[in-house]
Amino acid sequence: MSSRIQIIKGDERLEIIVKAFYDDTKQKILLAWIVLFSLCGLAILSQFFQDYDAGTKVFFGIYVAFWFFFEFKVIYAYRWRKYGEEKIIVENSQFSLIKTIGSRGVTQRFNIDEIKKIDFYKDANGGFVKSMNTSYWNINKYHLVLTLDKSIIPFAIDIETKEAKRILNELRSFK
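Per this note's numbering, the sequence shown starts with residue 5, numbered consecutively.
See below:
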């Protein structure tokens with residue numbers, strides 16, 4: 005089991021902590037990319053306030069909207085890789101998924117009865133889309149999924165298949 009994954013079992017509680025995958029070299033490259041991309045975006049943004057025709061200003065506006073979206077996504081990925089962790093807690097007929105970056109996080113709670121099954125996540129995308137979704141700067145390489153009545157909730161980001169099997173076995177045996 006990877007040092008990124010910690011399993012804490014008690015009589016009435018199971019807690020699984022998955023720390024974000026971190027690669028120092030890739031993180032430095034990502035930081036350089038953020039700095040350069042930020043400078044490019046600011047340069048384009050500064051041109052928005054110059055004397056251009058309406059069509060050019062629309063182009064700048066659309067460009068800045070896309071730039072802002074990708075800026076947000078990459079900064080989120082940088083912070084997730086450096087400070088992120090997932091907690092999976094089963095306690096008192098509750099299943100909790102907690103994604104935190106530093107001290108801030110998002111918690112999703114479900115009653116055990118609502119969960120139809122816990123299984124491996126099967127990504128419907130293939131080829132180029134799958135390649136993009138599994139890159140270091142993208143945070144959506146899920147390995148497990150909760151199946152509820154009307155939705156699926158993917159979790160367990162960037163873990164090995166062997167680790168996913170171990171977590172799945174722990175969750176299934178604890179229920």
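Ideal Cβ placement from N, Cα and C applies to all residues, glycine included.
Beta-bridge pairing of residue i - partner residues as DSSP gives them
| i | result |
| --- | --- |
| Glu167 | Paired residue(s): none; Glu167 is not in a bridge. |
| Lys126 | For Lys126, which the question treats as bridged, DSSP gives no partner whatsoever. |
| Lys13 | Leu18 |
| Lys2 | The structure shown has nothing for residue 2, since the chain only spans 5 to 179. |
Limits of the unbroken alpha helix (DSSP H) element including residue i
| i | result |
| --- | --- |
| Thr151 | It is not in any alpha helix (DSSP H) - Thr151 instead sits in the beta strand (DSSP E) that spans 146 to 151. |
| Ile48 | 28 to 51 |
C-alpha distance - residue i paired with residue j, whole-angstrom precision
| i | j | result |
| --- | --- | --- |
| Ile33 | Asp117 | 44 angstroms |
| Leu101 | Phe73 | 26 angstroms |
| Gly65 | Arg83 | 27 angstroms |
| Ser50 | Ala58 | 16 angstroms |
| Gln98 | Gln31 | 35 angstroms |
| Lys126 | Arg170 | 17 angstroms |
| Ile119 | Arg176 | 11 angstroms |
| Ala168 | Phe114 | 20 angstroms |
| Lys166 | Leu152 | 24 angstroms |
| Leu35 | Thr29 | 10 angstroms |
| Leu150 | Ile93 | 13 angstroms |
| Thr111 | Ser7 | 23 angstroms |
| Gly14 | Ala160 | 21 angstroms |
| Leu18 | Ile9 | 13 angstroms |
| Ile2 | Leu172 | Because residue 2 is not part of the residues shown, which for the chain are 5 to 179, the question remains open. |
| Tyr146 | Asp162 | 6 angstroms |
| Leu43 | Tyr80 | 18 angstroms |
| Arg85 | Asn142 | 10 angstroms |
| Asn213 | Phe76 | Residue 213 lies beyond the stretch modelled for the chain, which goes from 5 to 179, so this question has no answer here. |
Opening and closing residue of the beta strand (DSSP E) in which residue i lies
| i | result |
| --- | --- |
| Glu19 | 17 to 23 |
| Ile157 | 156 to 161 |
- [ ] Take every Cβ of the region 22 to 36, pair it with every Cβ of the region 89 to 100, and state whether three or more of those distances are shorter than 8 angstroms.
- [x] yes
Task: beta strand (DSSP E) segments (min. 3 residues) lying fully within the region 62 to 117 - done: 88 to 95, 98 to 105, 108 to 115
- [ ] Tell me, please, whether the region 65 to 73 touches the region 96 to 108 by the rule of three or more beta-carbon pairs shorter than 8 angstroms.
- [x] no
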